[in-house]
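Residue numbers (the working numbering), protein chains in the order written: chain A, 3 to 150; chain B, 3 to 150.
Report on the following structure.
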């Protein structure tokens with residue numbers, strides 16, 4: 003784990019929100035959707051099945067805690083979760099809150115060209131909302147991501 | 003669990019492959035990709051976080067066993083896993099083996115109109131390959147799906 007480095011593309015496209023025992027939590031830079039990414043801090047892993055069994059269990063726990071928090075916070079109609087990695091192969095798990103009236107519904111949101119950037123204030127507000135919701139739910143989440 | 007009924011759209015678009023302790027395993031009717039779907043046999047569940055904690059652990063175990071088996075069997079470049087459910091809200095987890103030369107790469111495969119049907123012989127061969135690979139890996143998989 004000591005040689006884990008977050009992929010530069012993920013650094014570029016996201017803002018850090020915090021960290022769970024296993025995974026970093028990132029906010030995707032697309033204001034169209036509440037869209038978070040979990041990245042298990044394990045070096046050299048592309049697929050969930052390559053994680054140790056205990057890490058797999060921790061990942062689904064972190065994912066479910068995050069997903070439930072996002073759906074309550076943003077009052078979505080459906081949560082979309084995906085591990086794709088065709089472009090960035092470092093294992094990362096998308097969590098996207100979807101609405102029946104969003105611009106891509108009912109299609110998936112990936113592979114679409116247009117994305118809307120956050121205004122600085124919106125971005126900080128969303129990060130703060132997520133941090134508060136997760137800190138309320140578990141003492142294992144930290145909003146201090148250190149040196150990623 | 004006794005009142006679990008597989009969604010008619012999943013019945014229509016897939017063929018049964020077998021069952022794990024938690025989930026039914028289905029083969030998607032799209033010959034473009036090795037594409038399987040896991041459906042936890044729990045009534046009224048739309049999101050992974052709505053499953054009991056033990057079911058969540060079982061789901062990631064079944065998913066990983068399936069994903070690793072599919073990647074070995076079909077020698078893919080990347081596995082795509084997704085819980086979407088914007089059209090069919092009953093919880094189901096897609097597992098798709100992707101190749102750098104497939105027609106959608108590197109985009110996701112969902113939301114594309116064109117799909118290629120299996121020839122009967124191809125379909126039976128693929129189901130049989132999957133059943134053999136999973137029966138080799140775990141005694142908890144059964145190729146008898148009973149009355150779904």
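Cβ coordinates follow ideal geometry from the N, Cα and C atoms, glycine included.
Everything numeric in this text was worked out from a predicted model, so none of it was measured.
For the set A/54, A/70 and A/15, the Cα lying nearest the Cα of residue 136 of chain A is the one of A/70. Closest in alpha carbon position to residue 108 of chain B, among A/87, A/125 and A/94, is A/87. Not one beta carbon of chain A lies nearer than 8 Å to the beta carbon of residue 29 of chain B.
With a contact defined as Cβ atoms closer than 8 Å, residue 93 of chain A and residue 47 of chain A qualify at about 5 Å.
Contact check for residue 39 of chain A against residue 85 of chain B fails: the beta carbons are separated by 8 Å or more. Taking 9 Å as the upper bound on Cβ-Cβ separation, chain B lies near residues 48, 49, 50, 51, 52, 53, 55, 58, 59, 61, 62, 63, 65 and 66 of the segment 32 to 66 of chain A. Put simply, the backbone Cα of residue 21 of chain A is about 18 Å away from that of residue 31 of chain A. Cβ proximity to chain B below 8 Å picks out 87, 88, 89, 91 and 100 from the segment 87 to 105 of chain A. Relative to the Cα of residue 142 of chain A, the nearest Cα in the group A/132, A/64, A/80 and A/131 belongs to A/64. Membership of residue 65 of chain A in the alpha helix (DSSP H) is indicated by the continuous run 55 to 76. Within chain A, 88, 112 and 113 have C-beta atoms less than 8 Å from the C-beta of residue 109 of chain B, given in sequence order.
Between the C-alpha atoms of residue 29 of chain A and residue 126 of chain B there is a straight-line separation of about 43 Å. For the options A/8, A/90, A/17 and A/81, the alpha carbon positioned closest to that of residue 122 of chain A is the one of A/17.
Linking residue 98 of chain A to residue 89 of chain B through their CA atoms gives a straight-line distance of about 15 Å. Using a Cβ distance threshold of 8 Å, residue 43 of chain B and residue 76 of chain B do not count as a contacting pair. With a threshold of 16 other beta carbon atoms within 10 Å, residue 19 of chain A meets it and is buried. Of the residues B/45, B/35 and B/124, the one whose Cα lies closest to the Cα of residue 73 of chain B is B/35. For residue 84 of chain A, the neighbours in chain B by C-beta distance under 8 Å run, in chain order, 82, 83, 84, 85, 86 and 110.
The beta-carbon of residue 70 of chain A is placed less than 8 Å from the nearest beta-carbon of chain B.
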